[in-house]
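> Here you go, one structure.
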DNA sequence: CACAGCCTCTACCATTTGGTAGACAGCGGA
DNA sequence: TCCGCTGTCTACCAAATGGTAGAGGCTGTG
């Protein structure tokens, strides 16, 4: 029925969704197993502990995210504003397709140091490179001068903030569905444009 | 030693901090009690269940937040840009003083409908009024035309995003301390200015 | 057919969780 | 002095949690 590796993958998949939706600590192994249609002990066969399951989930999610963004960066246009634009679009794409990824991001702040390190391992180089690139464009006068780190922080905070799937945002008439995410993404792109376009 | 009501207040206080730091589900009543220096059953004496404790925590936190912001709005200057500026500063103030408030905001997305409603009860009117006011200023030509709801959503997302106390943001050289929050707040203010200043 | 390895299962276990029942200490008022 | 109220305590409990031990079924290969 199922190919040899697929149970493992299905567990990873279900765990990502559940961890993202409800928080790592609030999801039991039993629940993940039930979702997959298997016993808890099968989960523990594939991942010796909940901790290592989380580690694997973070690992694969981060790797996928980095791959998507890397690809976008490589194929992005040369003009710095266009470039930022297409990267922002790329960052939002996995989130639109898979809201649980946003949920996981929301968990960042309360992960154990070991798990946080696992994520940083993947994301740090990416962010560092982006900041460096923005800084270089500023030096070359193709972007308005500013603190690239702060601007990255703001953009990052925005993405993270969307992760709250907020009840509150409903008041704003905003919905955390694909359409809402796209709207917000476009708003962020406009903001970045306004902030970074060279004065000229 | 302790005045009659103070145990209750101390429990609320400790619960806010712990819920914010580590997530509602991950904090046990025992832990809260230990923090206060009291037995778990004393906590259950003051709040008949964990659910009602959470409710009370949200209630008081939201009420305080709204009070702070309301005061800021009332004493804010008339010029719309200045006005937004001083409200943004006000929103950040409780967060700077009490990081756990940010942690609680991060919990928003996974609160039960009942608890989320409790929060919306306080925050909705505030947000609705802000959006209405921004819309009015746009109509009057004192702010650049745009979707006030989306702009509010973006600003809100930023504040929420900061709540992640992110490991990742450290890469950016950013720190989630008071200084870092102030820097980010100022960056957000600049963004809002850039986005909303009338074309003239 | 037999065997070995892979995978999932049943059966437990200790710990922790939110919650209940009720004893008892202190204190102000009659 | 006694009473009743407030607030904290000790003593439990059922359910759920992460995790262990080991049996047994299914598969492809010799």
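Chains as they are written, first to last, in the working numbering: chain A, 1 to 200; chain B, 1001 to 1200. Built from N, CA and C at the ideal position, the CB exists for glycine as well.
1. Throw me the rounded Cβ distance for the residue 201 of chain A and residue 155 of chain A pair, which I believe falls under 8 Å.
2. Buried or exposed: where does residue 113 of chain A fall if 16 or more other Cβ atoms within 10 Å of its Cβ makes it buried?
3. Could you pull out every residue in the same chain whose Cβ sits closer than 6 Å to the Cβ of residue 103 of chain A, ignoring the five residues on either side in sequence?
4. List, in order along the chain, the chain A residues whose C-beta lies closer than 8 Å to that of residue 1151 of chain B?
5. Suppose only complete runs of 4+ residues qualify. What are the alpha helix (DSSP H) ranges in the stretch 36-113 of chain A, listed by chain order?
6. With distances taken Cα to Cα, identify the nearest neighbour of residue 1178 of chain B among B:1094, B:1148, B:1188 and B:1134.
7. Give every residue of the same chain whose Cβ lies closer than 6 Å to the Cβ of residue 40 of chain A, excluding the five residues on either side of it in the sequence, and list them in chain order.
8. Any contact of the stretch 1130-1150 of chain B with the stretch 1044-1057 of chain B, i.e. 3+ C-beta pairs under 8 Å?
9. Leaving out five residues before and five after residue 135 of chain A in sequence, what residues of the same chain have Cβ atoms less than 8 Å from its Cβ?
10. Is the Cβ of residue 1158 of chain B closer than 7 Å to any Cβ of chain A?
11. Taking residue 1036 of chain B and residue 1010 of chain B to be in contact with their CB atoms under 8 Å, please state how far apart those CB atoms are, rounded to whole angstroms.
12. Within its chain, find whatever has a CB closer than 8 Å to the CB of residue 107 of chain A; leave out the 5 residues flanking it on each side and keep chain order.
13. The alpha helix (DSSP H) spanning residue 181 of chain A covers which residue range?
14. Buried or exposed: where does residue 153 of chain A fall if 16 or more other Cβ atoms within 10 Å of its Cβ makes it buried?
15. Listed in chain order, which residues of the stretch 1018-1037 of chain B have Cβ atoms closer than 8 Å to some Cβ of chain A?
16. Quick check: is the beta carbon of residue 191 of chain A nearer than 7 Å to any beta carbon in chain B?
17. Residues of chain A with CB under 7 Å from residue 1098 of chain B, in chain order?
18. Taking contact to mean at least 3 C-beta pairs separated by less than 8 Å, is the stretch 110-129 of chain A in contact with the stretch 57-75 of chain A?
19. Which chain B residues sit within Cβ distance under 9 Å of residue 201 of chain A?
20. Roughly how many whole angstroms lie between the Cα atoms of residue 180 of chain A and residue 1070 of chain B?
21. Please compile the residues from chain A whose C-beta is within a distance smaller than 9 Å of the C-beta of residue 1114 of chain B.
22. Examine the ligand COA and report whether any of its heavy atoms sits within less than 6 Å of the Cβ of residue 53 of chain A.
23. From this set, A:198, A:137, A:7 and A:76, which residue's C-alpha is nearest residue 44 of chain A's C-alpha?
24. Can you find the residues in the same chain that come closer than 7 Å, C-beta to C-beta, to residue 197 of chain A, ignoring five residues on each side of it along the sequence?
25. Which same chain residues end up closer than 6 Å to residue 2 of chain A when comparing Cβ atoms and leaving out the 5 residues on each side of it in sequence?
26. If you compare alpha carbons, which of B:1195, B:1017, B:1188 and B:1060 is closest to residue 1208 of chain B?
27. Which of helix, strand or coil does DSSP assign to residue 24 of chain A?
28. If we call anything under 7 Å between Cβ atoms a contact, is residue 97 of chain A one with residue 58 of chain A?
29. Is there at least one Cβ from chain B nearer than 7 Å to residue 197 of chain A's Cβ?
So, to answer that:
1. Here chain A has residues from 1 to 200 only, and residue 201 of chain A is not among them.
2. The residue in question, residue 113 of chain A, is exposed, as its Cβ has fewer than 16 Cβ neighbours within 10 Å.
3. Listed in chain order, the non-local C-beta contacts of residue 103 of chain A below 6 Å within the same chain comprise 20 and 21, local neighbours out to five positions each way being set aside.
4. By Cβ distance, chain A contributes 187.
5. Here the runs fully enclosed are 40-46, 50-74, 80-97 and 99-107.
6. Measuring C-alpha to C-alpha distances from residue 1178 of chain B to each of B:1094, B:1148, B:1188 and B:1134 identifies B:1094 as the nearest.
7. Answer for residue 40 of chain A: 29, 30 and 33, listed in chain order.
8. In short, these stretches do not touch, since the Cβ pair count stays below three.
9. If we look at residue 135 of chain A and ignore the five residues flanking it on each side, its Cβ neighbours are 148.
10. At least one chain A Cβ lies under 7 Å of residue 1158 of chain B.
11. The C-beta distance from residue 1036 of chain B to residue 1010 of chain B rounds to 5 Å, short enough to meet the 8 Å contact threshold.
12. Cβ contact annotation for residue 107 of chain A (same chain, cutoff 8 Å, sequence separation greater than five): 19, 20, 23 and 24, in chain order.
13. Looking at the DSSP string, the run of the alpha helix (DSSP H) that includes residue 181 of chain A is 178-196.
14. With 16 or more other CB atoms across the displayed protein chains lying within 10 angstroms of its CB, residue 153 of chain A is buried.
15. Close to chain A, meaning a Cβ-Cβ distance shorter than 8 Å, are the following residues of the stretch 1018-1037 of chain B: 1021, 1022, 1023, 1025 and 1026.
16. Closer than 7 Å: yes.
17. Neighbours of residue 1098 of chain B across chain A, judged by C-beta separation under 7 Å, do not exist; the nearest C-beta is about 15 Å away.
18. Touching, per the Cβ criterion.
19. Lying before the first or after the last residue shown, residue 201 of chain A is absent from chain A, which here runs from 1 to 200.
20. Their Cα atoms are separated by approximately 28 Å.
21. Those do not exist, as residue 1114 of chain B stays about 11 Å from chain A at its closest Cβ, beyond 9 Å.
22. Ligands are entirely absent from the displayed structure, and the ligand COA is therefore not among its contents.
23. Among A:198, A:137, A:7 and A:76, the Cα nearest to that of residue 44 of chain A belongs to A:7.
24. Answer for residue 197 of chain A: 81 and 144, listed in chain order.
25. With a pLDDT of only 39 at residue 2 of chain A, under 50, the local geometry of the prediction cannot be trusted, and the value read off the model is given with reservation. For residue 2 of chain A, where only same-chain residues beyond five positions count, there are no Cβ hits under 6 Å.
26. What the structure shows of chain B is the stretch from 1001 to 1200, and residue 1208 of chain B is not part of that stretch, so it cannot be assessed.
27. The answer is helix: DSSP assigns residue 24 of chain A an H, G or I state.
28. In terms of Cβ geometry, residue 97 of chain A and residue 58 of chain A do not form a close pair [threshold 7 Å].
29. Chain B, which has no Cβ nearer than 7 Å to the Cβ of residue 197 of chain A, makes this no.
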